[in-house]
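Asks: I'd like to ask some things about the structure below.
2 protein chains.
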Amino acid sequence: MSDEQRLKFDDPALKLWLRILSVTKLIENEVRGNLRESFKTTLPRFDVMAELYRYHPKGLRMGEISQNLMVTNGNITGIIDQLAKEGLAERSADPDDGRVFVVRLTSAGKKRFEKMARLHRDWIDGLMAGLNAEERDQLLELLSKLRNSLPERLDKAHE
Amino acid sequence: MSDEQRLKFDDPALKLWLRILSVTKLIENEVRGNLRESFKTTLPRFDVMAELYRYHPKGLRMGEISQNLMVTNGNITGIIDQLAKEGLAERSADPDDGRVFVVRLTSAGKKRFEKMARLHRDWIDGLMAGLNAEERDQLLELLSKLRNSLPERLDKAHE
DNA sequence: CTCAATTGCTTGACATTTAAAATATTTAAG
DNA sequence: CTTAAATATTTTAAATGTCAAGCAATTGAG
Numbered sequence: 010m011s012d013e014q015r016l017k018f019d020d021p022a023l024k025l026w027l028r029i030l031s032v033t034k035l036i037e038n039e040v041r042g043n044l045r046e047s048f049k050t051t052l053p054r055f056d057v058m059a060e061l062y063r064y065h066p067k068g069l070r071m072g073e074i075s076q077n078l079m080v081t082n083g084n085i086t087g088i089i090d091q092l093a094k095e096g097l098a099e100r101s102a103d104p105d106d107g108r109v110f111v112v113r114l115t116s117a118g119k120k121r122f123e124k125m126a127r128l129h130r131d132w133i134d135g136l137m138a139g140l141n142a143e144e145r146d147q148l149l150e151l152l153s154k155l156r157n158s159l160p161e162r163l164d165k166a167h168e
Numbered sequence: 010m011s012d013e014q015r016l017k018f019d020d021p022a023l024k025l026w027l028r029i030l031s032v033t034k035l036i037e038n039e040v041r042g043n044l045r046e047s048f049k050t051t052l053p054r055f056d057v058m059a060e061l062y063r064y065h066p067k068g069l070r071m072g073e074i075s076q077n078l079m080v081t082n083g084n085i086t087g088i089i090d091q092l093a094k095e096g097l098a099e100r101s102a103d104p105d106d107g108r109v110f111v112v113r114l115t116s117a118g119k120k121r122f123e124k125m126a127r128l129h130r131d132w133i134d135g136l137m138a139g140l141n142a143e144e145r146d147q148l149l150e151l152l153s154k155l156r157n158s159l160p161e162r163l164d165k166a167h168e
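In the order they appear, the protein sequences are chains A and B.
Last residue of the first sequence: 168 in our numbering, with the numbers rising by one and none dropped.
Last residue of the second sequence: 168 in our numbering, with the numbers rising by one and none dropped.
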């Protein structure tokens with residue numbers, strides 16, 4: 010009983026998960042601050058624009074965006090509303106399916122994103138510079154293995 | 010020009026960062042759903058309780074909680090308000106410094122957390138089961154190296 | 001065809017989060 | 001002592017997020 014009484018935090022899997030979380034938060038917060046200072050924009054908006062940029066000019070359905078970014082549907086509705094109001098993205102009806110909206114960046118949106126993306130890439134390069142190429146590859150490999158081992162059900166995006 | 014014109018996403022550091030993010034989100038969403046289904050609670054509440062549990066019985070200041078969890082101050086105020094209302098945590102004034110509140114789990118809070126933590130640990134064990142012990146250690150090692158290489162300024166928590 | 005089930009998206013209620021301003025207390029310089 | 005600066009927390013406003021319910025369009029079993 011006395012060993013079960015006091016919960017420990019030294020389960021190796023748990024420790025690994027907490028380490029993943031802390032690295033993620035540290036970098037995420039840094040990027041969030043940089044986006045705000047350099048471009049007066051937010052991380053979620055940047056993420057959506059990146060997703061749209063990657064798939065322009067074909068565009069993406071609302072549902073594809075939320076699936077790929079792993080957030081809920083209603084969330085994306087609001088962010089696209091904003092981007093649309095700012096003239097950075099636009100919805101267009103799908104001629105084959107009346108329920109679907111296809112979202113694309115406007116040319117202003119593309120131009121804006123390209124400006125942000127170059128700096129963003131530099132930030133990430135800088136933050137990852139503590140690992141050499143081999144370590145980076147190893148880390149990527151291990152994370153890929155972990156991701157691919159997760160229950161299929163979790164991974165609706167896939168890539 | 011033609012190579013710069015069309016932005017690429019294949020920068021190795023960027024690819025690694027996106028992989029870290031996707032693994033994090035997949036696991037986080039799974040845990041969030043499990044907490045809701047099994048305990049009708051939320052991930053942020055669980056995180057705060059875990060942090061408090063780890064440091065009971067000494068308790069933590071509001072600011073220590075937000076620093077350790079890497080979220081903003083105002084955020085924690087609301088969550089502690091909730092936990093206090095539910096009788097799971099309590100604030101007490103610091104006799105030496107009138108600005109400070111020290112927060113502790115109540116015994117009900119401790120008991121509740123222990124119940125959740127065991128299941129939570131099992132979920133994480135399950136989600137990490139795709140890696141063997143050696144891979145897990147390697148991954149932890151690489152993430153630690155990455156975290157320690159990040160600018161000091163980012164890491165106010167430290168552990 | 002017909003209609004129940006499914007799908008894609010939006011809406012609404014509410015919780016979380018950040019960022020910045022406000023409040024209260026302590027510290028420290030003079 | 002006085003008072004400006006620093007610190008700890010809360011409050012506020014705006015954005016983001018989940019979840020569930022709702023609506024409209026499509027699908028598919030009969």
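Note that the Cβ used here is the ideal one computed from N, Cα and C, for glycine as well.
#1: Using 10 angstroms around the beta-carbon of residue 128 of chain A, count the other beta-carbons present and answer buried if the total reaches 16, otherwise exposed.
#2: Taking 8 angstroms as the cut-off, does the region 99-118 of chain B touch the region 50-66 of chain B (at least 3 CB pairs, one atom from each stretch)?
#3: Run through DSSP, which three-state label would residue 80 of chain A get?
#4: Considering only C-alpha positions, which residue in the set B:148, B:35, B:30 and B:119 is nearest to residue 35 of chain A?
#5: Please state if the CB of residue 84 of chain B and the CB of residue 72 of chain B are separated by a distance shorter than 9 angstroms.
#6: Is there a Cβ from chain B that is less than 9 angstroms from the Cβ of residue 84 of chain A?
#7: Considering only the beta carbon of each residue, do residue 158 of chain A and residue 139 of chain B sit closer than 9 angstroms?
#8: List the residues of chain A whose Cβ lies closer than 8 angstroms to the Cβ of residue 120 of chain B, in chain order.
#9: When you compare each of B:70, B:117, B:45 and B:151 to residue 103 of chain B by their alpha carbons, which one comes out closest?
#10: Flag this pair as yes or no: are the beta carbons of residue 78 of chain A and residue 57 of chain A separated by less than 9 angstroms?
#11: If distances are taken between C-alpha atoms only, which option among A:144, A:155 and A:160 comes closest to residue 154 of chain B?
#12: Between residue 10 of chain B and residue 18 of chain A, what straight-line distance do the alpha-carbon atoms span, to the nearest angstrom?
#13: For the region 15-31 of chain B, which residues have a beta carbon sitting closer than 8 angstroms to at least one beta carbon of chain A?
#14: How about residue 74 of chain B: is its C-beta nearer than 9 angstroms to some C-beta of chain A?
#15: Three-state secondary structure (DSSP) at residue 98 of chain B?
#16: With DSSP collapsed to three states, give me the class of residue 41 of chain B.
#17: With DSSP collapsed to three states, give me the class of residue 110 of chain B.
#18: For a test of the three-state rule: what should DSSP assign to residue 128 of chain B, helix, strand or coil?
#19: Spell out whether any CB of chain B is found under 9 angstroms from the CB atom of residue 88 of chain A.
#20: Against residue 62 of chain B, what residues of chain A qualify as contacts under a CB-to-CB distance less than 8 angstroms, listed in chain order?
#21: Quick check: the Cα distance between residue 20 of chain A and residue 119 of chain B, rounded to an integer number of angstroms?
#22: Going along the chain, which residues of its own chain have a beta-carbon closer than 7 angstroms to the beta-carbon of residue 93 of chain A, five neighbours each way excluded?
#23: For the alpha helix (DSSP H) holding residue 55 of chain A, just list the boundary residues, first then last.
#24: If you reduce the DSSP assignment to three classes, tell me which class residue 159 of chain A lands in.
#25: Going by CA-CA distance only, name the one from A:96, A:125 and A:25 that's closest to residue 44 of chain A.
#26: Short of 9 angstroms Cβ to Cβ, which residues in the region 124-152 of chain A face chain B?
#27: Buried or exposed: where does residue 162 of chain B fall if 16 or more other Cβ atoms within 10 Å of its Cβ makes it buried?
#28: Who are the neighbours of residue 154 of chain B on chain A, taking C-beta pairs under 8 angstroms?
#29: Determine the DSSP secondary structure at residue 69 of chain B, reduced to helix, strand or coil.
#30: Look at residue 142 of chain A and residue 137 of chain B and say whether their C-beta atoms are less than 9 angstroms apart.
#31: Answer with yes or no whether the minimum CB distance from residue 33 of chain A to chain B is below 9 angstroms.
Replies: In this structure, then:
#1: Here residue 128 of chain A is exposed, its C-beta having fewer than 16 other C-beta atoms within 10 Å.
#2: Short answer: they touch.
#3: DSSP places residue 80 of chain A in coil when its eight states are reduced to three.
#4: The shortest C-alpha separation from residue 35 of chain A is found at B:30.
#5: Their beta carbons are not under 9 angstroms apart, which means residue 72 of chain B does not touch residue 84 of chain B by this criterion.
#6: Not closer than 9 angstroms to any Cβ of chain B, the Cβ of residue 84 of chain A fails to qualify, so no.
#7: Less than 9 angstroms separates the beta-carbon of residue 158 of chain A from that of residue 139 of chain B.
#8: Those within 8 angstroms of residue 120 of chain B in chain A number zero; the least Cβ separation is about 11 angstroms.
#9: The closest CA to that of residue 103 of chain B, considering only B:70, B:117, B:45 and B:151, is found on B:70.
#10: Judged by beta-carbon spacing, residue 57 of chain A lies within the 9 angstroms limit of residue 78 of chain A, meaning their Cβ atoms are closer than that value.
#11: Considering only alpha carbons, the answer is A:144.
#12: Because the pLDDT at residue 10 of chain B is just 45, under 50, the model does not fix this residue reliably, and the value given afterwards should be weighed accordingly. Rounded to whole angstroms, the separation of the alpha carbons of residue 18 of chain A and residue 10 of chain B is 53 angstroms.
#13: Close to chain A, meaning a Cβ-Cβ distance shorter than 8 angstroms, are the following residues of the region 15-31 of chain B: 16, 18, 20, 21, 22, 23, 24, 25, 26, 28, 29, 30 and 31.
#14: No, residue 74 of chain B lies away from the interface with chain A (no Cβ there is under 9 angstroms from its Cβ).
#15: Residue 98 of chain B falls in the strand class under three-state DSSP.
#16: Helix, per DSSP.
#17: In this structure, DSSP gives residue 110 of chain B an extended state, which the three-state scheme calls strand.
#18: In this structure, DSSP gives residue 128 of chain B a helical state, which the three-state scheme calls helix.
#19: Not one chain B Cβ lies under 9 angstroms of residue 88 of chain A.
#20: The contacting residues are 16.
#21: Between residue 20 of chain A and residue 119 of chain B, the C-alpha separation is close to 19 angstroms.
#22: Around residue 93 of chain A: 99 and 100.
#23: It spans 52-64 - the alpha helix (DSSP H) in which residue 55 of chain A sits, taken as one unbroken run.
#24: Secondary structure at residue 159 of chain A: coil, using DSSP grouped into helix, strand and coil.
#25: Taking only the C-alpha atoms, the option nearest residue 44 of chain A is A:125.
#26: So the list reads 126, 127, 129, 130, 133, 134, 135, 136, 137, 138, 139, 140, 142, 144, 145, 146, 147, 148, 149, 151 and 152, given in the order they occur along the chain.
#27: With fewer than 16 other beta carbons inside 10 angstroms of its own, residue 162 of chain B counts as exposed.
#28: Near residue 154 of chain B (Cβ distances below 8 angstroms), the residues of chain A are 139, 140 and 144.
#29: For residue 69 of chain B, the three-state secondary structure derived from DSSP is strand.
#30: Not in contact: residue 142 of chain A and residue 137 of chain B (Cβ atoms no closer than 9 angstroms).
#31: Answer yes: the Cβ-Cβ gap between residue 33 of chain A and chain B drops below 9 angstroms somewhere.
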